[in-house]
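Peer 1: Residue numbers (this note's numbering), protein chains in the order written: chain A, 1 to 205; chain B, 206 to 410; chain C, 411 to 615; chain D, 616 to 820. All residues carry an ideal CB built from backbone N, CA and C; glycine is no exception. Fair warning: this is a prediction, and the values are worked out from it, not measured in the lab.
4 protein chains.
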Amino acid sequence: MRKAERRRHLLNCALKVFARKGYHAASITDIIKTAKVARGTFYLYFEGKRAVFEELLDETLSALDTQIKRIDPSRGPSGVLAQMEANLDGVFSYFMGNRGMLRVLMSEAVGLDNGFDQKLNEFYGRLLAIIKMALEDGQQMDLVKSKINVEVASLCILGSIKEVLYQQAMDAKVPKQQIVIEEILRYNVNALLSEDLLKKLGGKK
Amino acid sequence: MRKAERRRHLLNCALKVFARKGYHAASITDIIKTAKVARGTFYLYFEGKRAVFEELLDETLSALDTQIKRIDPSRGPSGVLAQMEANLDGVFSYFMGNRGMLRVLMSEAVGLDNGFDQKLNEFYGRLLAIIKMALEDGQQMDLVKSKINVEVASLCILGSIKEVLYQQAMDAKVPKQQIVIEEILRYNVNALLSEDLLKKLGGKK
Amino acid sequence: MRKAERRRHLLNCALKVFARKGYHAASITDIIKTAKVARGTFYLYFEGKRAVFEELLDETLSALDTQIKRIDPSRGPSGVLAQMEANLDGVFSYFMGNRGMLRVLMSEAVGLDNGFDQKLNEFYGRLLAIIKMALEDGQQMDLVKSKINVEVASLCILGSIKEVLYQQAMDAKVPKQQIVIEEILRYNVNALLSEDLLKKLGGKK
Amino acid sequence: MRKAERRRHLLNCALKVFARKGYHAASITDIIKTAKVARGTFYLYFEGKRAVFEELLDETLSALDTQIKRIDPSRGPSGVLAQMEANLDGVFSYFMGNRGMLRVLMSEAVGLDNGFDQKLNEFYGRLLAIIKMALEDGQQMDLVKSKINVEVASLCILGSIKEVLYQQAMDAKVPKQQIVIEEILRYNVNALLSEDLLKKLGGKK
DNA sequence: CATGAATGAGAATTCATTCAT
DNA sequence: CATGAATGAATTCTCATTCAT
Numbered sequence: 001m002r003k004a005e006r007r008r009h010l011l012n013c014a015l016k017v018f019a020r021k022g023y024h025a026a027s028i029t030d031i032i033k034t035a036k037v038a039r040g041t042f043y044l045y046f047e048g049k050r051a052v053f054e055e056l057l058d059e060t061l062s063a064l065d066t067q068i069k070r071i072d073p074s075r076g077p078s079g080v081l082a083q084m085e086a087n088l089d090g091v092f093s094y095f096m097g098n099r100g101m102l103r104v105l106m107s108e109a110v111g112l113d114n115g116f117d118q119k120l121n122e123f124y125g126r127l128l129a130i131i132k133m134a135l136e137d138g139q140q141m142d143l144v145k146s147k148i149n150v151e152v153a154s155l156c157i158l159g160s161i162k163e164v165l166y167q168q169a170m171d172a173k174v175p176k177q178q179i180v181i182e183e184i185l186r187y188n189v190n191a192l193l194s195e196d197l198l199k200k201l202g203g204k205k
Numbered sequence: 206m207r208k209a210e211r212r213r214h215l216l217n218c219a220l221k222v223f224a225r226k227g228y229h230a231a232s233i234t235d236i237i238k239t240a241k242v243a244r245g246t247f248y249l250y251f252e253g254k255r256a257v258f259e260e261l262l263d264e265t266l267s268a269l270d271t272q273i274k275r276i277d278p279s280r281g282p283s284g285v286l287a288q289m290e291a292n293l294d295g296v297f298s299y300f301m302g303n304r305g306m307l308r309v310l311m312s313e314a315v316g317l318d319n320g321f322d323q324k325l326n327e328f329y330g331r332l333l334a335i336i337k338m339a340l341e342d343g344q345q346m347d348l349v350k351s352k353i354n355v356e357v358a359s360l361c362i363l364g365s366i367k368e369v370l371y372q373q374a375m376d377a378k379v380p381k382q383q384i385v386i387e388e389i390l391r392y393n394v395n396a397l398l399s400e401d402l403l404k405k406l407g408g409k410k
Numbered sequence: 411m412r413k414a415e416r417r418r419h420l421l422n423c424a425l426k427v428f429a430r431k432g433y434h435a436a437s438i439t440d441i442i443k444t445a446k447v448a449r450g451t452f453y454l455y456f457e458g459k460r461a462v463f464e465e466l467l468d469e470t471l472s473a474l475d476t477q478i479k480r481i482d483p484s485r486g487p488s489g490v491l492a493q494m495e496a497n498l499d500g501v502f503s504y505f506m507g508n509r510g511m512l513r514v515l516m517s518e519a520v521g522l523d524n525g526f527d528q529k530l531n532e533f534y535g536r537l538l539a540i541i542k543m544a545l546e547d548g549q550q551m552d553l554v555k556s557k558i559n560v561e562v563a564s565l566c567i568l569g570s571i572k573e574v575l576y577q578q579a580m581d582a583k584v585p586k587q588q589i590v591i592e593e594i595l596r597y598n599v600n601a602l603l604s605e606d607l608l609k610k611l612g613g614k615k
Numbered sequence: 616m617r618k619a620e621r622r623r624h625l626l627n628c629a630l631k632v633f634a635r636k637g638y639h640a641a642s643i644t645d646i647i648k649t650a651k652v653a654r655g656t657f658y659l660y661f662e663g664k665r666a667v668f669e670e671l672l673d674e675t676l677s678a679l680d681t682q683i684k685r686i687d688p689s690r691g692p693s694g695v696l697a698q699m700e701a702n703l704d705g706v707f708s709y710f711m712g713n714r715g716m717l718r719v720l721m722s723e724a725v726g727l728d729n730g731f732d733q734k735l736n737e738f739y740g741r742l743l744a745i746i747k748m749a750l751e752d753g754q755q756m757d758l759v760k761s762k763i764n765v766e767v768a769s770l771c772i773l774g775s776i777k778e779v780l781y782q783q784a785m786d787a788k789v790p791k792q793q794i795v796i797e798e799i800l801r802y803n804v805n806a807l808l809s810e811d812l813l814k815k816l817g818g819k820k
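Okay, structure coming up:
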């Protein structure tokens, strides 16, 4: 029991350090000082810097995977909207409780080589796949403009979300979560939805 | 004369190394081997690793600043569109001739501390300011939906562009430049322009 | 009672580990894993790695001291031969039942500093003393060539025995014990015995 | 030029340290302190402790290989004796000029794993092969007793030489080189030579 | 007695930077 | 100017030993 706690403590401290200094500048010394633990203790729980980081990364990515659900098109336009909102909300809420990891992911996890990049890119790949599928379903159901290039549009959507998160990580002043999500949704919905649908929905949102 | 050439040569070689290995993994040894220059020679031209990188970064950011021009709303809707396209084209074209720097910027430049982050964020800040101004002008001229939250929308726009560039840096298969730019434009125009305007422009694009 | 058993168990396991990995490469972790005992338990019975090894060494050397008896020259030439054979047999038999310790002694025990070297050298010193005395007695009784330099000859004898043991420890193919002992004896007897005696004994062996 | 000198200096200092403390107890710190050189300098010349040691070992073994020549039986009994003496003299003389390496080889090189053992055992294997061939040639020419088991006898010969060297490495008082060699020769010759030959040579030696 | 988590001294190694030639 | 050998601070990692439960 104690052991699991210590482990958690070390993970938290490591995250704190990674968030403050970045992966490369972070040293084991930093981590153990933060955790008030002896050098050897660290190695009792983790193989090294790479390993703690990987664990934190895995943890985060799988938490995010849990938050993000495929969009089920059968529930109709407003159902789709609700699902998109739920996904966004899940991601933003997760990061609000994990500002440290947000900073790390947004500013360090890329360019680490070590196979971290691969994990992260695989994650983005999964996101893109979900977005693309939703777009294609949308086009078939005539909800989404048929002209749109799904490939590029999905990048735009992903990018719009990432950028907002990035600015939050950088401590830029960003409107509060509720508003941000609404706006991201509005933005992308406007960009995507077919004219017919926009007219119908016009009154609501 | 010779001196300036050598300096340039070193900068190019350093960029090659940074692009291949990333800032941290790049060593002076890598750079001087690539440049076929003695260790001491490097320090004759630069204060150190940090300094070469900074110079490359400054160079790139100011080149980009040159490519990107304020949007002059006085030229009317299609003029604005053309200006946006010109900006996008400038940025994409610049990076197509500097894949190395694209990789560096997209995967390493953030999270380096060292003040590099600050420079990059200032640059993004300038971009955002331009975008925001354009949006505000657009709203005043009733080209852009008034409902839109300019703050968030400008992040979305920036993000959509960055993401496409990011995927290009990661060697993901992305449609070719001309199409990508068109699509980004279309996407953002749809997202932003007022319904009236969309109808008018509908025929063109 | 239990205590003595555990102690013995630990010694055996430590020996196993030392034989497999050598003194330096052997870790306490190896020993306690082999013994299926907790870390602290080990230190309950021994002061440390050094101490277990020392105990194993002492044990072996005193067992060997017991096997090796002074040569009593009063029993005549064939009696001397029998005593030499008995000594050799004792040593070889001991090691056949303790291959682990043979490996340790032959390949690690020297060069450990720690005072182990001293113990081992004292043991070899005792052996040499016995051999030397036998040679000197032999010379006085005109059994051993008078020309022979006792100092060097005793080293040669010791060396011939050690080398055979060394090769056995290294798993080299060596004829079986009975033959090896016979041959070592023959070799050294030929080297040492006076011509007169050789002629007399010629018929027997 | 300077570089080769430094390298040599480091090798010498490393040998000094290895001879004093043994391979395992020797630290890079010891070596660089002895050499009065900075930490990094050491790594400029060698990959690590293992590598310096390997170089010293290779150097020694190939020097020894050079000293030791096959015995050409065609030059007759006294020629063979002279060749044996030359070999012994070569080995002993080499070690008198390299006491450090003698200590290392005799007390540490075994049990190092790392592949050092293999090298050493291969060397001993080569020696044994030379000795065995000489014995077999001798038996065919009726110089060496036919009864003798060549396998064991060659171990005895090797052992007698190694033991004398070992005692010298341990700083035991051993008669001086000339005498030692003579005695080792006498010892082994007596053990080996056929009775006929012994009688003939009897007068000479 | 037994346990095993915690400790921290010590060893190896890297690499940006300096400086004598 | 150019060179590249030398430097040493900083970092990671190991493992014998201790001690609270």
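Report yes if the CB atom of phenylalanine 18 (chain A) is closer than 7 Å to the CB atom of isoleucine 28 (chain A), and no otherwise.
Peer 2: Going by C-beta atoms, phenylalanine 18 (chain A) is not nearer than 7 Å to isoleucine 28 (chain A).
Peer 1: Alpha carbon to alpha carbon, how far is arginine 211 (chain B) from arginine 244 (chain B)?
Peer 2: The alpha-carbon atoms of arginine 211 (chain B) and arginine 244 (chain B) are separated by roughly 14 Å.
Peer 1: Is the beta carbon of valine 91 (chain A) less than 7 Å from the beta carbon of glutamine 67 (chain A)?
Peer 2: Yes, they are a contact pair.
Peer 1: Taking C-beta pairs closer than 8 Å, name the residues in chain D that glycine 525 (chain C) reaches, listed in chain order.
Peer 2: Correct list: empty, because the minimum Cβ distance to chain D is about 13 Å.
Peer 1: What residues from chain D crowd round histidine 434 (chain C), counting only those whose CB sits closer than 7 Å?
Peer 2: Chain D residues near histidine 434 (chain C): His639.
Peer 1: Give the range of the alpha helix (DSSP H) segment to which lysine 413 (chain C) is assigned.
Peer 2: Residues 412-431.
Peer 1: Just confirm the distance between the C-beta atoms of methionine 101 (chain A) and leucine 165 (chain A), as a whole number of angstroms; I'd bet it's less than 8 Å.
Peer 2: No, methionine 101 (chain A) and leucine 165 (chain A) are not in contact; Cβ-Cβ is about 11 Å, not under 8 Å.
Peer 1: Cβ of threonine 239 (chain B) within 7 Å of Cβ of lysine 221 (chain B)?
Peer 2: It is a contact, given that the beta carbons lie within the stated cut-off.
Peer 1: Glutamine 577 (chain C) CB to nearest chain D CB: under 7 Å?
Peer 2: Yes - at least one Cβ of chain D is within 7 Å of the one on glutamine 577 (chain C).
Peer 1: So for valine 296 (chain B), helix, strand or coil by DSSP?
Peer 2: Valine 296 (chain B) falls in the helix class under three-state DSSP.
Peer 1: Applying the criterion that 16 or more other CB atoms from any shown protein chain within 10 Å of the CB defines a buried residue, is methionine 301 (chain B) buried or exposed?
Peer 2: When all chains shown are included, methionine 301 (chain B) counts as exposed.
Peer 1: Relative to the alpha-carbon of methionine 580 (chain C), which residue among D:Glu737, D:Ala701 and D:Glu662 has its alpha-carbon at the smallest distance?
Peer 2: The shortest C-alpha separation from methionine 580 (chain C) is found at D:Glu737.
Peer 1: Whole angstroms is fine: what's the gap from glutamate 259 (chain B)'s alpha carbon to lysine 446 (chain C)'s?
Peer 2: So the alpha carbons of these two residues sit roughly 58 Å apart.
Peer 1: Is there a Cβ from chain D that is less than 7 Å from the Cβ of serine 569 (chain C)?
Peer 2: For the record, residue 569 (chain C) in the displayed sequence is glycine; it is not serine. Yes, glycine 569 (chain C) counts as interfacial toward chain D.
Peer 1: I want to verify the contact list: residues of chain B whose CB lies under 9 Å from the CB of serine 162 (chain A), in sequence order.
Peer 2: In the sequence under discussion, the amino acid at residue 162 (chain A) is lysine, which differs from the serine named in the question. Here the neighbours are Gly364, Lys367, Glu368 and Tyr371.
Peer 1: Assign arginine 485 (chain C) to buried or exposed, taking buried as 16 or more other Cβ atoms, counted over all protein chains shown, within 10 Å of its Cβ.
Peer 2: By the 10 Å Cβ count, arginine 485 (chain C) comes out exposed.
Peer 1: Measuring only from the beta carbon, is leucine 568 (chain C) closer than 6 Å to any heavy atom that is part of the ligand GTP?
Peer 2: Questions concerning the ligand GTP fall outside what the structure shown contains, since it holds no ligand whatsoever.
Peer 1: Hey, out of A:Lys162, A:Lys173 and A:Ala172, whose CA is closest to isoleucine 184 (chain A)'s CA?
Peer 2: The option with the nearest alpha carbon to isoleucine 184 (chain A) is A:Lys162.
Peer 1: Using a 10 Å radius around the Cβ and a threshold of 16 neighbouring Cβ atoms, would you call arginine 186 (chain A) buried or exposed?
Peer 2: By the 10 Å Cβ count, arginine 186 (chain A) comes out buried.
Peer 1: If we ignore side chains and look at the alpha-carbon of each, how far apart do serine 283 (chain B) and glutamine 344 (chain B) end up?
Peer 2: About 15 Å.
Peer 1: Would you report the Cα separation of glutamate 662 (chain D) and alanine 230 (chain B), rounded to the nearest angstrom?
Peer 2: Each residue's Cα considered, the two are about 20 Å apart.
Peer 1: Given a cut-off of 7 Å on the beta-carbon distance, is the pair isoleucine 796 (chain D) and aspartate 680 (chain D) in contact?
Peer 2: Result no, Cβ atoms of isoleucine 796 (chain D) and aspartate 680 (chain D) do not sit closer than 7 Å.
Peer 1: Check distances from the C-beta atoms of the segment 127-150 of chain A to those of chain B and list, in chain order, the residues that come in under 8 Å.
Peer 2: Against chain B - using a Cβ distance shorter than 8 Å - the residues of the segment 127-150 of chain A are Lys145, Lys147, Ile148 and Asn149.
Peer 1: For alanine 768 (chain D), go through chain C and note every residue whose CB falls closer than 8 Å to its CB, in chain order.
Peer 2: Going along chain C in sequence order, the residues near alanine 768 (chain D) (Cβ under 8 Å) are Glu593 and Tyr597.
Peer 1: Would you mind giving the Cβ-Cβ distance between isoleucine 336 (chain B) and isoleucine 362 (chain B), rounded to the nearest angstrom? I have them listed as a contact below 8 Å.
Peer 2: With 8 Å as the limit, isoleucine 336 (chain B) and isoleucine 362 (chain B) qualify as a contact, their Cβ atoms being about 5 Å apart.
Peer 1: Our contact map puts valine 257 (chain B) next to alanine 209 (chain B) with C-beta atoms below 8 Å; I'd like the distance itself, whole angstroms only.
Peer 2: With 8 Å as the limit, valine 257 (chain B) and alanine 209 (chain B) do not qualify as a contact, their Cβ atoms being about 15 Å apart.
Peer 1: Which two residues bound the contiguous alpha helix (DSSP H) that contains isoleucine 438 (chain C)?
Peer 2: Isoleucine 438 (chain C) -> alpha helix (DSSP H) spans 438-445.
Peer 1: Do you know how far the Cα of tyrosine 504 (chain C) is from the Cα of glycine 420 (chain C)?
Peer 2: The amino acid occupying residue 420 (chain C) in the given sequence is leucine; glycine does not appear at that position. Near 21 Å, if we compare the C-alpha coordinates of tyrosine 504 (chain C) and leucine 420 (chain C).
Peer 1: Tell me which residues of the segment 78-100 of chain A have at least one Cβ-Cβ distance to chain B shorter than 9 Å, keeping chain order.
Peer 2: Answer set for the segment 78-100 of chain A: empty.
Peer 1: Would you mind stating whether glutamate 561 (chain C) and proline 790 (chain D) have Cβ atoms separated by less than 7 Å?
Peer 2: Contact: yes.
Peer 1: Got a sec? Which residues, its chain only, sit under 7 Å from glutamine 382 (chain B) by beta carbon, not counting five neighbours each side?
Peer 2: These residues qualify, in order along the chain: Phe297 and Met301.
Peer 1: Is alanine 629 (chain D) close to chain C, meaning its C-beta is less than 7 Å from at least one C-beta of that chain?
Peer 2: Chain C contact via Cβ: absent.
Peer 1: For methionine 375 (chain B), name the three-state secondary structure that DSSP assigns.
Peer 2: Note: methionine 375 (chain B) maps to coil in three-state DSSP.
Peer 1: Give a yes or no on whether the minimum CB-CB distance between valine 632 (chain D) and chain C is below 7 Å.
Peer 2: By this cut-off, valine 632 (chain D) is not an interface position.
Peer 1: Taking buried to mean at least 16 other C-beta atoms within 10 Å of its own C-beta, is alanine 492 (chain C) buried or exposed?
Peer 2: By the 10 Å Cβ count, alanine 492 (chain C) comes out exposed.
Peer 1: I believe leucine 538 (chain C) touches serine 564 (chain C) by the beta-carbon criterion, under 8 Å. Please report the beta-carbon distance rounded to the nearest angstrom.
Peer 2: Correct: roughly 5 Å between the Cβ atoms.
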